[in-house]
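Have a look at the structure below, then the notes.
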Amino acid sequence: IIKKICYTTVPHMRYHSSQYHTRNSNKLVHDHFAIVAMKRTSTVLALFQMLLLVQMASADVTSTDIATSTDPASPELLEKTWTVSAASLDKLEIHVAGNVFVDHDTSLQSDAQVVAKVVMRASSSKLLDAVDVTDIGGDSDTGVRLHYKNQQVHVEGLVMTQVLLSKPKSLLAVSATNTQNVVLGDNVVLGDKTARLHFSTHGKGHIFVGSTTASFDVRSVGVVVSGDGGIQFQSASLKVAEDVVLSLVGAGHVAVLAEDKFVANKVESAVAGTGKVFVQTPGLQADTLVTEIVENGEVSYATEGTCNSEKIRLAGEGSVNAASIVCKNADVSILGIGEVVVQATERLSATLLLTGSVRYVNTRPKSIQSSGLVLESSIKQAQANPIAKYSPLTPPNRAATAVFLTVEAANNDDSPYIHVRPAVATGMRLQNLSASLPESMSALVLFEVAIGAMAFVAVSVFKFQQRRIRNKYQTLLP
């Protein structure tokens, strides 16, 4: 065996004396096993370091018993607190009912291990018992999920949640389902040049990001809305090194607002349904604008800006208003009866099928190219510059809201069936009214009152939406 190792390792020594050969063979054997041992030790250390990193990345969550609320503004409520210990926290998944407020709390820095506290207040202990806070897991990033346990629950009551973060500007991603509103306070979203921000909501809830005084200089931004809810991203200035991708499925809305300027390499808006996307700033600077709409959604870019190239694709009855953005080249494709308004200085290319229309504002582009079934009136100068003005929504007050919650246990431990609907204040008072009415007329009166209340709310919501977004027109510049 020694000879084999020796000859295999150092063939040029096989003709030396046997004594020299044996002595060096022993040394080679020793070195060989030393190298093997070092490699195994390195492997063990590497595995240990990986396990240590995973352990550090995962979050440890502890909770308190249900107690009386410590908030002087709501002493009548009950309270439960979850404490999250980890090296960092950059993701939040929120799947609980009511309004959720995310803030930075410097007092948590007294404990180096604590990265966040989740405080939920409710009028019913069943609402608190139904909730759990767990580690997301799955990668090296750290995040927690606020969700309902996989158990049967049917309860009505008031509820509000507050997430307190120990470190400022730490969040990269926030997703919400079943919530009414998620309000991200100042100093909670990471804003450095390496950050890839991502916000998503499913259902009827809204996410409020930033404020008119916040500035962001990040690598990329992704916004996803599915359902009737929305995401409002406000800033004093927004600078994105790579892409801003705004995706909307349903009848919701996405609004990206910058008070001063909005600079990005590429801004892409995609709508499937009847939703609306608003990009509003007095100074948009983008190399590329890409807009895609299926069905009759709307995308509006306002109020001033420039781009190198613009690509617009419509299928259905959608509309794109990019009249305020001066682009060098614009490429438009419409399948259906959609409408597009652009401002191109060099080339305007249009492919039309059916009765879609393309309008350009101010000076005629140097080159207009058309293909498809294009009528003479399909491409022409606009008579006015349409401006869709978006009025920013105001975040909700920090107060508990009334909800009806139904949770049905499922086979999958992580995914119970959840149905949440807000309880109008008048609806909560109906129970007290029912007790005071005669038994023979209670059900009928309650039914009529409920129908009247729902009709009033529906009309009010419709009028509010009509007032919120107004189409204004201004005369073209000569």
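Throughout, our numbering is defined as the position within the sequence shown, counted from one, plus 58. Every residue, glycine too, gets a C-beta built ideally from N, C-alpha and C.
Integer Cβ distance of residue i from residue j, believed to fall under 8 angstroms
| i | j | result |
| --- | --- | --- |
| residue 430 | residue 409 | 5 angstroms |
| residue 405 | residue 387 | 5 angstroms |
| residue 364 | residue 343 | 6 angstroms |
| residue 269 | residue 290 | Actually they are not in contact, since the Cβ atoms of residue 269 and residue 290 sit about 10 angstroms apart, beyond 8 angstroms. |
| residue 242 | residue 266 | 6 angstroms |
| residue 453 | residue 239 | 7 angstroms |
| residue 155 | residue 217 | 6 angstroms |
Limits of the beta strand (DSSP E) - the one that residue i falls within
| i | result |
| --- | --- |
| residue 393 | 377–394 |
| residue 340 | 334–352 |
| residue 599 | Since the first residue of the chain shown is 59 and the last is 536, residue 599 is not available in this structure. |
| residue 133 | Element bounds for residue 133: n/a, residue is neither H nor E. |
| residue 480 | 475–480 |
| residue 456 | First-last for residue 456: undefined, no H or E at that position. |
| residue 425 | 425–430 |
| residue 417 | 415–418 |
| residue 120 | 118–121 |
| residue 180 | 172–180 |
| residue 412 | No beta strand (DSSP E) contains residue 412, which DSSP labels as neither H nor E. |
| residue 421 | Element bounds for residue 421: n/a, residue is neither H nor E. |
| residue 254 | 254–261 |
Neighbourhood of residue i by C-beta, 6 angstroms cutoff - its chain only, sequence neighbours within 5 removed
| i | result |
| --- | --- |
| residue 354 | 332, 374, 375 and 376 |
| residue 124 | 136, 138, 183 and 186 |
| residue 337 | 314 and 359 |
| residue 302 | 279, 322 and 325 |
| residue 260 | 235, 284 and 285 |
| residue 215 | 180, 181, 182 and 185 |
| residue 300 | 277, 278 and 323 |
| residue 328 | 305 and 350 |
| residue 177 | 139 and 220 |
| residue 213 | 182, 184, 185 and 463 |
| residue 368 | 347, 385 and 388 |
| residue 150 | 232 |
| residue 237 | 152, 158 and 263 |
| residue 318 | 294 and 295 |
Where residue i sits in the DSSP three-state scheme
| i | result |
| --- | --- |
| residue 324 | strand |
| residue 506 | Because the pLDDT of residue 506 is 43, which lies under 50, any placement of that residue in the model is unreliable, and the number read from its coordinates should be weighed accordingly. Residue state, collapsed to three classes: helix. |
| residue 361 | strand |
| residue 210 | coil |
| residue 192 | strand |
| residue 400 | strand |
| residue 435 | coil |
| residue 238 | coil |
| residue 166 | helix |
| residue 153 | coil |
| residue 10 | Only positions 59 to 536 of the chain appear in this structure, which leaves residue 10 out of reach. |
| residue 148 | coil |
| residue 124 | coil |
| residue 204 | strand |
| residue 270 | coil |
| residue 285 | strand |
| residue 229 | strand |
| residue 355 | coil |
| residue 277 | coil |
| residue 245 | coil |
| residue 366 | strand |
| residue 250 | coil |
| residue 8 | This structure gives no information on residue 8, because the portion of the chain shown stretches from 59 to 536. |
| residue 143 | strand |
Same chain only: Cβ atoms within 8 angstroms of residue i, ignoring 5 sequence neighbours per side
| i | result |
| --- | --- |
| residue 428 | 407, 408, 409, 410, 436 and 437 |
| residue 209 | 188, 465, 467 and 474 |
| residue 245 | 162, 226 and 227 |
| residue 248 | 148, 227, 228, 229, 230, 255 and 276 |
| residue 440 | 381, 399, 417, 418, 419 and 534 |
| residue 506 | Note that residue 506 scores a pLDDT of 43, beneath 50, so its modelled location is shaky and nothing firm can be said. |
| residue 414 | 372, 392, 393, 394, 395, 396, 397, 398 and 436 |
| residue 309 | 285, 286, 331, 332 and 333 |
| residue 251 | 275, 276, 277 and 299 |
| residue 424 | 403, 404 and 405 |
Endpoints, alpha helix (DSSP H) assigned at residue i
| i | result |
| --- | --- |
| residue 183 | 183–187 |
Neighbourhood of residue i by C-beta, 7 angstroms cutoff - its chain only, sequence neighbours within 5 removed
| i | result |
| --- | --- |
| residue 253 | 230, 276 and 277 |
| residue 334 | 311, 355 and 356 |
| residue 530 | Per-residue confidence for residue 530 stands at a pLDDT of 40, beneath the threshold of 50, marking its modelled position as unreliable; the derived number appears in the next sentence. So the qualifying residues of the chain are 445 and 447. |
| residue 224 | 163, 166, 167, 172, 173 and 174 |
| residue 194 | 149, 151, 201, 202 and 203 |
| residue 282 | 258 and 305 |
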